[in-house]
Structures are given as structure tokens and as C-alpha cells.
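Start counting the sequence shown at 631; every next residue gets the next number (my numbering). Using N, Cα and C, we set each Cβ at its ideal position, and we do this for glycine too.
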Amino acid sequence: MRKKLKIGIISGFLLITGAGGASLAVGGIEPDDIEVQRLANHQTDRPVRYGRDIRPLLSDRCFSCHGTDPVTRAVDLRLDSFDQATRDLGGGFSAIVPGDPAASMLFERITSRDPHEMMPPPEANKPNLSPEEIESIRTWIAEGAEYEPHWAFESPTEPSPPVVSDPDWSRNEVDPFILRRIEAVGLKPNPEADAPTLVRRAFLDLTGLPPTPEEVDAFINDDRPQAFDHLLERLMTEEPYRSRHAERMATPWLDLARYADTAGIHMDAGKQMWPYRDWVLRAFRENMPFDRFTIDQLAGDLVENPTIDQLVASGFHRNHVTSDEGGAIADEYLLEYAVDRVETTGAVWLGLTVGCARCHDHKFDPITQADFYGLIAFFNNVEQPGIYSQIPDSNRAFEPAVEIPRPEDEARVSSLQRRIAEIEAERATPTESERVALAEYLDRLKTPDGLRWRTASATQATSERGAELQILEDGSVLATGENPDADAHVIRYRLDGEDLDALLIEALPHDSLPAGGIGRAANGNAILSGITAEAISVTDPTNRVPITFRWAWADHEQPDGDYRLVNALRPDDGRVWAAQSHQIPGRRTLMFLADRPIGFVGGTDLVVRTSFESPFARHVIGRTRLHVAQTTESIRSALPSAISNWYITGPFSIADAATGYQTDFGPEPSDAIDFATRFNSRKDGTGGDTWRYAPGVIDGRTVTLAQGIGAELIAREIWSPDQRDLPISIGSDDGVQVRLNGEIILEDRSNRGVAPDQNRTTLRLREGRNTLLYKVVNTGGAGGMYYRADPPASELPRDAVAVILPGELVRPAIADAGEEALRIRMSPRYRDLGERSDVLKQERSAILANVPKTSVMKERSMPRPTYVMDRGRYDTPDEDRPVDRSVPAILGALPLEIDAPNRLDLAEWIVGNENPLTARVVVNRYWQILFGRGLVESVDDFGFQSAWPSHPDLLDHLAVNFRNSGWDVQQLLQKIMSSATYRQSARIRPEVAAIDPGNELLARFPRQRLEAEQIRDQALYASDLLIEDFGGPSVKPYQPDGLWQEVAMLQSNTRYYEQGEGDDLHRRSIYTYWKRASPPPSLLAFDAPTREYCNVRRLATNTPLQALVLWNDPQFVEAARMLAVRVLREDPDADDDARLDRLFRFATASSMPASVRPMVLETLAGFRDRYAADPQSAIELLQVGSVDVPADLDPGELAAWAMIANAVFSSDSAIVKD
């Protein structure tokens, strides 16, 4: 990327005035989102209604103590029900006496000023009712206190458009509903907006992009009466507009779906979900009916013979935040995932805050806790883990997932698989010479010089933390009874023989252990944190020899963390071996070499202590059996070195490369990795760093290290069975210093990029533990390293160690892997066939790795039982309150003929005629997209605390029409946008503002600031930078360095932001990679959500940071200079006036107002003078971004125009929709 330049705030702040005459300041926004005020001059003329005027007051002030929730209900009084509110409370008193406010206790209490009597009471911390509100309640009681049903819970009917005084104003059936209220207060609607404004409004609303000047002119010159209607249809059905329309409409849906590219918490790991986003795009492009759109997303996996598309669509409810926190409780998160699905479904389709009933009955709405868990029952049966594993792959599709193969890939994979099968069949049949050689080799290893294992006899077994250890008849020891969080087992064995040095521990399943595993944890897993021993002479118990271990091997090590068996050789550093028996049940076999021979003449008692200390509670091995043997020199020389994982510390600050090599930052001289010490890593000596596990450092691969100048240290332990030489190959970026056990064995101070085999050396390993330490000294850019060990052919491959163990102690899969490793080592033919097969497999893997994958819903075969959870906690199911799958009773019920409803039944009910909410909620949300506010302002709450619809009849009219149209979204948009209401000017008239300051009547079009994505996309489009590729993986455009590191854990696979290049920098914002812990900062500044949760409405703020983004973000600076290039190149002979007009039309669709033109020309002249005096400043400005500017344009002239373009992009005229 070219040099970045932070542009200071433009002196002589450019003020651009819009066509309507209002001053449009950079970053400004008209105060159109002020709280809606009731229309005072006609409020008193209409009768008081419970739903519109009274219920909101009671819901806000009273229902929390006198509503549906019996737990918090005071004095057993309910005010949400006519029968309950009017019943006799004793002594002839009632809270409400219809027709008699004076006799009503409610009225007495709300008018009292006695703090002991008044309602709401002072301790409720709720505002007192105003005199107007009290008068409304008085009038309502006096008129009979009618409790009308809540409007949203009644099925919508289709009202006919009302009769109005000026029917000629109406363009379709939307308008009479709007005009009736305008005329009722003696007002008239605004005239139609001018053509450029109207065209820009339609383009932004339907495509998210502005029109070009040519498209505006084409509309102006279209004299057909229905020209605007034709334009709307083209923008939704013809390419390229059709795809742009899908991208525009998908953005707010992705807010609802909480779509993102990372998991959201803990590691905030990357995940592959973009195929779901692309499904949404295709659905909008094809104008999929909204009922089908709903069913496929809620239950696409449950339809009969689901297509790949329907499975992908079901990913809607896999977008939620997930955890990969080690030690977290799976059941807790499984409940959280189900709760999120219910809350999201409630918000998106029902417009209800159902989550408020998780811990108790809803305080305001008639939704019980049982209702909530009836919905949970639909969503808590997904086949997914509660806690996901941590892996380096940031493009993983979290299971369950589905592949989305492409036809050409399927054909090639099929061909590769046939060829691989042919080669593997040839490999599977060894030649006679291969059979003989392998048998002879195995015979030499096993007898007479090889290992002869014998089972040790346990004589005593104790637990240090209170468990009971039983010695079973087969010689194994079983832990029972108390199950402490951590433990240590001390077992005494009686041995015969001398010079024993090999221990083999079987970790065995047992019927008393959970989940078929070897551990006592609920999931069956186990760890080992340490092993030590003591040999005691039977004939002279004072003769005791402590035993430690110099080498270890396990037939399996859990791969998703630092869980190698050698970790247990250092019992006090906090590392552990883990068995993964919660996922792969069955026995485990562990082999250790002692640091000295074991055995006394006359017999030996061997006391073995195994410890189980870790953050993972109760992960204790439940049953063990010990075998011992004597190794020979040939056996020890054949055993492979045992290696730890890699660890990393730093980077450490350095003044220059020489300092990096010469300075000891702390770890270098040591012959051990010290996990407890902190090493200073700052220039001022404060702070510090420790050794940390480095899962991204993998043998045989080039590895990217930290950016920038510094020294980074990488180390591992190598445990050798004997003294030996180990050849290694290394690489680095830049130079490297290699130490073995604290001594420098290689140093190369080259400045280079990392590659394999840049240096070779040999490690002189001592018996037991060795410490290999890399110091990589980086002088700029990203650091890097490479490591590969090349052990001699005489060493067994690691997998082949199993061949020297008794066959009955080794699982068949492990034995097969061992023999495979030996055959590769011993047979050139077998090895050659394997290499040919591997090449084909690598090609197949490369194809499959690039096959898109995405998370989907998948039902468990056996449904989980669902209970009401006491206080909403995962660990407190009320087993006396089981629930079946059901919908909230207030909304009806599923059809009786459905015996065992599932998510598909729920989805069909949601879009069925029996549900009164969905059509209203969806229509209201689309109205909000167009007008900035819904007909019901509380778009996320249609319950008792919802706002009263500004135009209830219009809402129902649109809802019924939408449903009857086959849920046709484009028809709905066409109807609303072709109305005279939508086509009005946004000009504010003082006489209207005085009556309707919040524009509730819609006597004008409401001006709105563009959404974050529209602001960025508009700049790219106007500057001709926008790359319009439809769909595909997420991209990473410009963003400031280091933001991800600030919020990421060290092992996170999204710790570093790797900026894209080429087209990736200029795609539409919907394709931008969305890291939940650090969303795209320029979009976040303009109120884009984090997408951790369902977001129904974006709030519009106005902050100085927004202006700074528009002025200084490389994306906008680059767009400004390329818009300048566009204007200068289009017509080389044009004068400044023509160019200013052209530039302004690209960004705003309108010509530059004459009132500001002289000031802009003066500013342009000032910039010309500035860059003439400082040409280097112009060059630096033009280097911002990745796209080169034409060499034939004068840099000073181009820079001056770029500054004008930057100011226009930042102006109110550009970032507001009129």
C-alpha cells in the first residue's frame, strides 16, 4: 500500500448550502429525530382510548407492580385486566369504578401528594403523572373505563382508504390515510420534491447508491406520466440495479440476523458464514416471497428433502455469538444460544420483547415464563457443542456445517478419489521382501533384545484429596467415592527385577466412569499434570531413590491446545496432558523412561505419584494399570525424541538489529523455559511478557510473526531418550540466533524474507530435557520463522512407537498407524506410492478447503426435555414444570392436529393468517427503512409498552395487502414509494413544525442521514472506484493498524488484521469482514452495530468523530482524489464552474447552489496556491490509498480538486437523504 497521510481539518471550513436553502455543515444532521410530541391542538378533540392513551401510562407507571407477574405483584392487584381492576378489594373499594373517578382508588392514589399514598410511589423511581395524563385517566374512567384489546394482538383487517378533502393529491391508496390526519389539523402536505432530489432518494432507498448525472437527466427527460413508477420497477428488476437492490435490502436484514465473521466472545474466532449472507442477497435479488424467506431461515433444515440453499438459509439461527472459552460450562452456553434464538425470533417476526419472560412472567406483556420456555423448546435441540474448540483456522464453519460444492469441483474431486483408491489398493499389498523385512525388524525390537513388559502388582493406593482408590483383580486401580476438583494418586507397586527403566501406564475406561471415557469429569475427559516416583528397597526401606522421567510418549494427545504428554514431566509449571476422551472414548497408553534404572536386589517397592491439577475440575484419570520393562541401548536409540509445543515471548523493543542480537532479554541464557518469569518488553522497563503457547507455530511451515522492528523469542523442549544428534533446517525473517540449552549454536544476521532451508545445523542433544530457543530479529514488516527436524532413519517415527508395545495394550487404530509409519520408513516402493497418493490428496484437500462451508441448523435425534428454568439460570431447571413446544397463549396456538411440533411448524405459524403480528411488524420495518421511523415508532416492541401507531389503519391496510400479495416485498416497496407521501419535499414549513415538530403526520418527507454503508459506498461509486462483484468471501479494506490486537487474546486467530489488496479494498461495504469485538471502525463511527445481538433499528448520532472519518480515512481521501481525477479527465477543456457542478452532481445528484459557488471557487484558489508553494504536500496527499493517479495530471491541480471533493463528500448534502 502507498504511504498514508493524515489530513488535518480543512482550514476555512467549507460550508455548502443545499437546494432548499438550509445550511449544510460537514458532518451535520437536521434535528429530525427529536422525541415525537403529541399534537396539542387536536389531542383534546378526540375521545380517550385505552389502547392509545391509557395503557401506555399504566404499563409504564403501574404494571411492574400491578401486572402479569405474580412474583412482583403488590397487594394482589392487577391493573392490566378489567375484571381484576374493577373487583372488590374489600370494604366496598375497587381500584377502578367505571363511570365514577371519585370512587376509584386508582384515581385517588394518582392524585394524592402524600408520599405514603401516592402512586407511583417515590421509591419506584418513576416520573409522576402529568396533569394532562391524570386528566386522561379521569376522563377514561368517567366514560366507562373500557379495556379494549391490545391492537397488535388482534388480527388485522383491510380498512378502505378514507375520504379526504383533496383526493387529487393522492397517487395510490397509501395517501388518503396520511392526508386524513394532515387535513384534520388544518394543514396541507408538502409539494413534490424536485426531480434530482426524488431520483436520488429512490436510488439510495432501493440500491444504496446515488444516481449518476446521466441517470438523473434521463429521468428528467422522461415525460411519461408514470416515469417514477417505471424507475422504481427498473431499480428492483433490471441489472445492474437488481443486484444493487439486493445488497441494499440485505444490510438491515443482516443487522437483524446478527450476521458477522467472528464468534464474538473470548477468542472472537473467525468463522465462515458468508454463504448465509450470499443466500440472503440472492433471496432479495430474486424477490423471494417473505413467507418462504422466513420458513427457510427458521427451519430450512426441516423441510422435506431440503436443498443446499435451504440448509444454508437455516444458518440464520447459527449467526449468534458462540464461546470457545476453556473451562466454560457447555450447558450454560447451550441455554444462552437457545435464549438468543428465541429473543431474535421474537424481535424479528413478532415485534415482542419475549426475553423479558426468561426469569419471570413478563412485567408488561401477557407473556408468561412458561410461554417463553415453550418457545425455547423449539430451539434447544440443535446438535452443536456448547463450547467450541480453539483452532488456528479463522475460516472454519462452526459445526454443524454444510459444504456448498461447485459442479467443477465435484467432478475433479471424483476423478482424484478414483486415482487415489487405485494407488492405495496397490500400497495395501506389500511385496514378499517388504513383508520379510518388516517382520525381521519387529522381531529385533521385541525379542531377545527388545522390551519385555510385565504387569506391576499394586499393593497400596491412596488419594491425597479424599477419593477412594480400589485395587481390582486385574491389577488396575479404580477411583471411586469423593470426586474432588483436583487430586493426586499415590500408588505403591511391588516389583521384581533390576534395571527397569520403562513404565507403561494404561488409562482405562470403566462402567462407573462417565461417557465411556477414562476421566471422572462429567464429560469423561481427563488430564495429567505431573508424574514422579520413588524406588524403595524391600529389604532396606531406608534405601530410597527419587525417580524423575526423561522421556514420554502417549498414543493420543488432545490436539486443540497445549496438551502434550511431555508437559507432565515438569509437574510444577501448570501445563498438562489431556486425553480427549470426551470426544474419542477408549483406553489411553502412556509410556515413560525413568532417569535411572529402577530395582533393588531382593525386591522393590515403586511408589508412583500422578497429579491432576488444572483449571478443568474433576478431570482425574479414573482407572490405571502399570506395566514395567527394561529398555536396551538399541531400543532407546530407536525411540524418537519427544517434543513440546512451541512457546513465544515478546516482541522486545530494539534500537537496531545489532541490539537485538547482542541483548539478553531474559530467557536466552537459561536451559529451561521459565513460565513464571515476566520479561521486560518496553523501552521504559515497565510491563512485561511471559512465555505463552504458540499454536500457530507449526513444524515444516513458514510462520508469520509480529509486525515491526523488534526481537521475538520462540522456544520448545526436546526430551531425548539418550545422547544423540538431530539435524534441523531453519528459516527466518529477518535474522536469527539459535540457542540450545542456553548456548548459541547458530547466528545469521541476514535481512531476508522467511523461507525453508535457509540454514541447517545439528542439535547435540543431551539425555532428557533440552531447550531449543529461536531469537528472530526483525527490522521491519512482518517477522517470520521456519523449523523442520530431520531425524535419522534409525529413529522410529512417533506413530511407530506403538509397535514395541504389547499388542493387547494398543488400540487397533494406533497399531495400524505404527505399522504404516514403519512401512513408509523401510520401503522405497511403499514410500513412493504414498508420495504419489499424497500429491493427489493435497490437490483434493486444496479443492475441498476452498469449497465454501457454512454453519447450519441440525436437530438432535433425541429431543432434549425442556423445563422452566428458575430465575432463568441454566443449572436450576424446575423439573415440576416441564414445557412442550408452544407459542405464547396470547397469540393463539399451533394447529391441534400437530402432535409433536417442530421449528418448521413454528415457522409456518409465524407467517400464517392466525398470527396477527408478523405482517404488521415487517411492513412497519420497511416503512422505517424508507422514512427513518416506523408507523409504530417502537419497531422492536409491539407489546403493551409499544408506541401507538401514527396511522393504525394504514398499517393494517399495508399488512393485509402484503400478506395477500404473496408476501411480495418489492410490491410493498413499489406501493409505498410511488405514493405522493413518499414523493414530498423535505422542506420544513414553520407553520407545520409548530403543530407537528416530530413530523408524525408526515406532511413532509423526513430528512435522514445515510447509513454507514451508504456513506462509504457512495464515495466509492461516485469516484468510480467501486468494484461491483456480487457475493463471495468477506474482504478487508483499509482500517487503522493495531485495532484487532487491542481487543484480541494472544491465541486468537483474528488477532491480526491482514488488509486486503486490489479489488478487495473497494468492494461494497456489505462484504466487509465483520469482527464483533472490533467492527469496521469507519462504519462503527456512523452507528453500525457490533452485531453481537439482533439489532432492529440503528440510531443516528452526530459526533465530531464522523467528520474526522470523512476527512481523514484513507478510503474517503482516496475516493476524493479519484473523484477529482474523474472530473478533470472527463472534459479537459471544462472551466472551474462546470467541473464544480459535475463534481457536486456525482456526490449529491443536484447542481451546486449558486449561493455557495463563489466561496467554493475561492477555496479552490486557496488550495492551488497552497500546493504551488508546497508541491511535496500535494504528492503526499495523492499517495494516500492504493490506486495510482494518472501521471499526466498536474499534482498541485489534482490535489486542490481532491480537497474540494473531500469537502463535498463530507457535506450534509452528501451524507443526508433529502
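Per-residue burial, residue i [other beta carbons within 10 Å of its own, 16 or more giving buried]
i: Val1066; result: exposed
i: Ile1339; result: buried
i: Asn1381; result: exposed
i: Thr1279; result: buried
i: Gly1672; result: exposed
i: His860; result: exposed
i: Ser1843; result: buried
i: Arg676; result: exposed
i: Ser1855; result: The requested residue 1855 does not occur in the structure, where the chain is confined to residues 631 to 1848.
i: Ser1780; result: buried
i: Asp891; result: buried
i: Val1755; result: buried
i: Asn1480; result: exposed
i: Met1833; result: buried
i: Asn1719; result: Looking at the sequence provided, one finds Pro at residue 1719 rather than Asn. When all chains shown are included, Pro1719 counts as buried.
Own chain partners of residue i with C-beta closer than 6 angstroms, once the 5 adjacent residues on each side are dropped
i: Asp1848; result: Thr827, Ala1616 and Arg1637
i: Arg586; result: Beyond the ends of the chain as shown, which are 631 and 1848, falls residue 586; an answer cannot be given.
i: Arg1049; result: Leu1470
i: Met1815; result: Position check: residue 1815 holds Gly in this sequence, whereas Met was assumed. Excluding sequence neighbours, Gly1815 sits near Pro1744 and Glu1748.
i: Ile850; result: Ala825
i: Asn1310; result: Gly1318
i: Met1403; result: Position check: residue 1403 holds Leu in this sequence, whereas Met was assumed. For Leu1403, where only same-chain residues beyond five positions count, the Cβ hits under 6 angstroms are Ala1345 and Arg1369.
Residue i in three-state terms, based on DSSP
i: Tyr871; result: helix
i: Ser944; result: helix
i: Asp931; result: coil
i: Ser1467; result: helix
i: Pro686; result: helix
i: Thr1484; result: strand
i: Asp805; result: helix
i: Tyr1497; result: strand
Same chain, Cβ closer than 7 angstroms to residue i, neighbours up to 5 away in sequence not counted
i: Gly729; result: Ala772 and Gly774
i: Trp1539; result: Val1517, Leu1524 and Asn1545
i: Ser1241; result: Ala1118, Ser1159, Gly1160 and Pro1201
i: Phe920; result: Val1552, Trp1597 and Val1599
i: Asp1500; result: Thr1506 and Asp1508
Own chain partners of residue i with C-beta closer than 8 angstroms, once the 5 adjacent residues on each side are dropped
i: Arg703; result: Cys695, His696 and Gly697
i: Gly1398; result: Arg1180, Trp1181, Asp1225, Trp1349 and Ser1350
i: Ser1467; result: Ile1050, Ile1053, Glu1054 and Arg1057
i: Ile1374; result: Gln1367 and Val1368
i: Tyr1850; result: This structure cannot settle anything about residue 1850, because the visible part of the chain is limited to 631 through 1848.
i: Pro1805; result: Pro1825 and Gly1826
Any C-beta of chain B under 8 angstroms from that of residue i
i: Met735; result: The question asks about chain B, but that chain is absent: this structure has only one protein chain.
ask   = Per the contact definition of three or more C-beta pairs closer than 8 angstroms, is the stretch 1213-1220 in contact with the stretch 1183-1198?
value = By the Cβ criterion, the stretch 1183-1198 is in contact with the stretch 1213-1220, since at least three pairs of Cβ atoms, one from each stretch, lie closer than 8 angstroms.
query = Touch check for the stretch 833-845 and the stretch 863-877: three-plus C-beta pairs under 8 angstroms?
reply = They touch, by the three-pair rule.
inquiry  = Would the stretch 1679-1690 count as touching the stretch 1022-1030 if we require 3 or more Cβ pairs under 8 angstroms?
reply    = Between the stretch 1679-1690 and the stretch 1022-1030, the count of C-beta pairs closer than 8 angstroms reaches three or more; the two stretches touch.
key: Inter-stretch contact at 8 angstroms, needing at least 3 Cβ pairs: the stretch 1165-1180 / the stretch 1433-1440   = No, the stretch 1165-1180 does not touch the stretch 1433-1440.
query = If you pair each beta-carbon of the stretch 851-864 with each one of the stretch 885-898, do three or more pairs fall below 8 angstroms?
reply = No: fewer than three Cβ pairs fall under 8 angstroms.
request  = Could you name each continuous alpha helix (DSSP H) segment of 4 residues or more that falls completely within the stretch 1014-1065, going from the start of the chain to the end?
outcome  = DSSP runs (the alpha helix (DSSP H)) wholly in the stretch 1014-1065: 1037-1057.
ask   = Is the stretch 790-800 touching the stretch 1564-1581 in the sense that three or more CB pairs, one from each, lie closer than 8 angstroms?
value = Output reads no: the stretch 790-800 does not touch the stretch 1564-1581.
inquiry  = My parser needs the beta strand (DSSP E) runs of 3 or more residues fully inside the stretch 812-876; what are they?
reply    = Listed in chain order, nothing qualifies, since the stretch 812-876 has no complete beta strand (DSSP E) run of 3 or more residues.
query = With contact counted as at least three CB pairs below 8 angstroms, one residue from each stretch, are the stretch 928-947 and the stretch 1501-1517 in contact?
reply = A contact between stretches requires three or more CB pairs, one per stretch, nearer than 8 angstroms, and the stretch 928-947 fails this requirement with the stretch 1501-1517.
request  = Please confirm if the stretch 900-914 is in contact with the stretch 875-890, defined as three or more CB-CB distances below 8 angstroms between the two stretches.
outcome  = When Cβ pairs closer than 8 angstroms are counted between the two stretches, the stretch 900-914 is seen to touch the stretch 875-890, the count reaching three or more.
query = Three or more beta-carbon pairs under 8 angstroms between the stretch 1550-1570 and the stretch 1587-1606, yes or no?
reply = The answer is yes - the stretch 1587-1606 touches the stretch 1550-1570, with three or more Cβ pairs under 8 angstroms.
query = Of all the alpha helix (DSSP H) runs that stay within the bounds of the stretch 941-981, which reach a length of 4 or more residues?
reply = Listed in chain order, the complete alpha helix (DSSP H) runs (minimum 4 residues) inside the stretch 941-981 are 960-975.
message = Using 8 angstroms as the cut-off, can you tell me whether the stretch 1407-1424 makes contact with the stretch 1324-1340, which would need three or more C-beta pairs spanning the two stretches below that distance?
response = The stretch 1407-1424 and the stretch 1324-1340 touch, with no fewer than 3 CB-CB distances between them shorter than 8 angstroms.
query = So does the stretch 749-761 actually touch the stretch 685-692, counting three or more Cβ pairs closer than 8 angstroms?
reply = The stretch 749-761 vs the stretch 685-692: in contact.
query = Mind pulling the beta strand (DSSP E) runs of 3 or more residues that sit fully within the stretch 1304-1359?
reply = List check, beta strand (DSSP E) in window: 1333-1337 and 1340-1350.
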